[in-house]
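Scroll down for the structure; my scribbles are underneath it.
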Amino acid sequence: PRFPSSLVSAVARMFVLQLLLSPPNSGRSRKDCTCPRRPSAQLDIHRIKYGRRFFPESASPNSDGFQRSLVICKQPGLIEGKPVSMSPKEQTFSPCLPREVVGLTEESSIAQARRIQFYSLKTPLIEEPIGTSFVHMSPESGASSDFAIVLLHGFDSNVLEFRRLQPLLAAKHETWAVDLLGFGFTDRSKIAGWKAFVRFNRTLNPEIIRTHLLSFCKEKIKKKIVLVGASLGGACAIDFAISHPDLVHKLVLIDSAGHTTIPAFAKFLLPPFDILAMEYLRSQKLRASAGLMSYVDKSLATEDAVLCGRLHTRLPSWLSANIDFMKSGGYRVNGLIPSIPQSTLVLWGKQDQILSPSFADKFGSEIQDVQVHLVDQCGHVPHLEQPAITADHILRFLAQ
13 PRFPSSLVSA
23 VARMFVLQLL
33 LSPPNSGRSR
43 KDCTCPRRPS
53 AQLDIHRIKY
63 GRRFFPESAS
73 PNSDGFQRSL
83 VICKQPGLIE
93 GKPVSMSPKE
103 QTFSPCLPRE
113 VVGLTEESSI
123 AQARRIQFYS
133 LKTPLIEEPI
143 GTSFVHMSPE
153 SGASSDFAIV
163 LLHGFDSNVL
173 EFRRLQPLLA
183 AKHETWAVDL
193 LGFGFTDRSK
203 IAGWKAFVRF
213 NRTLNPEIIR
223 THLLSFCKEK
233 IKKKIVLVGA
243 SLGGACAIDF
253 AISHPDLVHK
263 LVLIDSAGHT
273 TIPAFAKFLL
283 PPFDILAMEY
293 LRSQKLRASA
303 GLMSYVDKSL
313 ATEDAVLCGR
323 LHTRLPSWLS
333 ANIDFMKSGG
343 YRVNGLIPSI
353 PQSTLVLWGK
363 QDQILSPSFA
373 DKFGSEIQDV
383 QVHLVDQCGH
393 VPHLEQPAIT
403 ADHILRFLAQ
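Quick note: the sequence shown uses the working numbering, first residue 13, plus one each step.
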């Protein structure tokens, strides 16, 4: 059949824009690529070059804004090794993190960044392993329990979000913070964008995120879990808890999404409007503004906090992954909330300006076995603004 010329023209424009926005390689194949790291049988490094228009600001004077490394994992296992070209300060962090990580200034941020590890995870999604970022902490006493705590971050965030809460929880229980597939520092290059759609006939969506998280729990954690989800991570936790009730012991929702969804019109945004929207989301100005809205104590909305929430946007395929997730419609779990089978704790910042505290009452009225607590003098991120109070509520809930 003959297609209308306008349709052909529109498809051609989208194809050209995707080509322009996909990071080009350096002209060498992966097989010919020289690894800048010390020898490792598990690694193959593919050098990626970016134009300055993708990264106009530099978070570190040592970063040239052009070169990044994408880890191509050949087999399952913990990703290790240090690039020989890194400065002494950079070598204290995982080589899989963006070089701007050296711009972190607060002690809790630096400590959490140094804890980040990468695991080459086999999943049923694709044949190749997926480099998955996480932070694992256990009690110094060596005490163990029948479950582990798993922390799930919010929308377009990363494991640095739990830099203040995770050490407090880990004093009593084994605790994992995991970067969801498509977000954080987890490798999304194989699962996002039109190339992934052509190759695997799928794009990033909640089902894919759930499958990746399940693979991580089975391969790395290997015990029952208590899911602690903040904001969008709460919706992810609800989705996972209902899908795998035998694996989830208890549920904790912190200023959780679930009654809100991505606007329907987002599915129909075409280039360049979807690209412009995501580039604005990446901007330092928006991140700083969102930080101010997230806290009651505005002194916590520091440059370090902005960098923590923005650092992962420096990695490959961030743009395409966010566009894919937005166009998937995101999590729509509001109809599933009454069927949550686990005992649930709902924590909410009393002065939250992003998700109204009225949603806490809504969760309380719909979940069968639930406790609801409002955290005073706190905005959208109790785990960052009032970490001691938040940890105390969670630990008391787990002890019951």
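Yeah, the Cβ is synthetic: ideal placement off N, Cα and C, and Gly gets one too.
Residue i - containing alpha helix (DSSP H), residue span
i       : result
Ile-254 : 244-255
Gly-303 : 296-306
Gln-383 : Looking at the DSSP string, Gln-383 is not in any alpha helix (DSSP H); the run it does join, the beta strand (DSSP E), is 382-387.
Thr-223 : 218-228
Gln-124 : 119-127
Ile-138 : From DSSP, Ile-138 is part of no alpha helix (DSSP H); its letter is neither H nor E.
Ala-403 : 399-411
Leu-181 : 178-182
Val-318 : 315-322
Ser-370 : 370-378
Exposure label - residue i; buried when at least 16 CB within 10 Å
i       : result
Thr-144 : buried
Phe-167 : buried
Leu-304 : exposed
Ala-160 : buried
Glu-152 : exposed
Tyr-343 : buried
Pro-68  : A caution first: Pro-68 carries a pLDDT of 29, below 50, which makes its placement in the model unreliable, though a value can still be read off. Pro-68 is exposed by the Cβ-count criterion.
Ser-311 : exposed
Leu-410 : buried
Lys-230 : exposed
Gln-412 : exposed
Ala-313 : buried
Val-139 : It should be noted that the sequence gives Glu, not Val, for residue 139. It is exposed - the Cβ of Glu-139 has fewer than 16 other Cβ atoms within 10 Å.
Lys-297 : exposed
Lys-235 : exposed
Cys-85  : Because the pLDDT of Cys-85 is 40, which lies under 50, any placement of that residue in the model is unreliable, and the number read from its coordinates should be weighed accordingly. By the 10 Å Cβ count, Cys-85 comes out buried.
Ser-332 : buried
Phe-375 : buried
Asp-258 : exposed
Phe-15  : Confidence in Phe-15 is poor, its pLDDT being 44 and thus under 50, which makes the residue's placement unreliable; the coordinate value appears in the next sentence. Classification of Phe-15: exposed, given that the 10 Å Cβ count is below 16.
Gln-398 : buried
Ala-189 : buried
Gln-178 : buried
Asp-158 : exposed
Pro-218 : buried
Asp-191 : buried
Lys-262 : buried
Asp-364 : buried
C-beta contact flag for residue i and residue j at 8 angstroms
i       : j       : result
Val-387 : Lys-362 : yes
Val-382 : Thr-402 : no
Gly-196 : Ser-169 : yes
Ile-237 : Val-264 : no
Met-338 : Ile-406 : no
Glu-119 : Leu-323 : no
Ala-302 : Ser-268 : no
Ser-121 : Cys-320 : yes
Gln-124 : Leu-164 : no
Asp-316 : Thr-104 : no
Lys-202 : Ile-287 : no
Ser-340 : Thr-215 : yes
Ser-306 : Gly-245 : no
Phe-174 : His-271 : no
His-395 : Ile-233 : no
Cβ-Cβ separation, residue j to residue i (assumed contact under 8 angstroms), whole Å
i       : j       : result
Ser-150 : Gln-129 : Wrong, their Cβ atoms sit about 13 angstroms apart, outside the cutoff.
Arg-127 : Val-147 : 5 angstroms
Thr-187 : Leu-193 : At roughly 20 angstroms, the Cβ-Cβ gap does not stay under 8 angstroms, so Thr-187 and Leu-193 are not in contact.
Pro-110 : Arg-294 : At roughly 13 angstroms, the Cβ-Cβ gap does not stay under 8 angstroms, so Pro-110 and Arg-294 are not in contact.
Val-240 : Val-308 : No, Val-240 and Val-308 are not in contact; Cβ-Cβ is about 21 angstroms, not under 8 angstroms.
Ala-242 : Asp-336 : Contact doesn't hold; Cβ gap of about 22 angstroms is too wide.
Val-345 : Val-384 : So it is not a contact: roughly 18 angstroms between Cβ atoms.
Leu-413 : Ala-289 : No answer is possible for residue 413: it lies beyond the span of the chain, which begins at 13 and ends at 412.
Arg-408 : Ser-329 : In fact, because the Cβ distance is near 40 angstroms, the residues do not count as touching under 8 angstroms.
Run of the beta strand (DSSP E) containing residue i, from where it starts to where it stops
i       : result
Thr-144 : 142-149
Gly-361 : 355-361
Lys-262 : 260-266
Ile-161 : 159-164
Val-190 : 187-190
Short CB-CB distance (under 8 angstroms) between residue i and chain D
i       : result
Val-384 : Protein chains in the displayed structure number just one, and chain D is not present.
Fill in: Stretch pair the segment 126-140 + the segment 346-353: three plus CB contacts closer than 8 angstroms
Taking a contact to require three or more Cβ pairs closer than 8 angstroms, the segment 126-140 and the segment 346-353 do not qualify as touching.
Worksheet item: At a cut of 8 angstroms, does the segment 249-265 reach the segment 219-233 through at least three beta carbon pairs?
Response: Contact holds: three or more Cβ-Cβ distances are below 8 angstroms.
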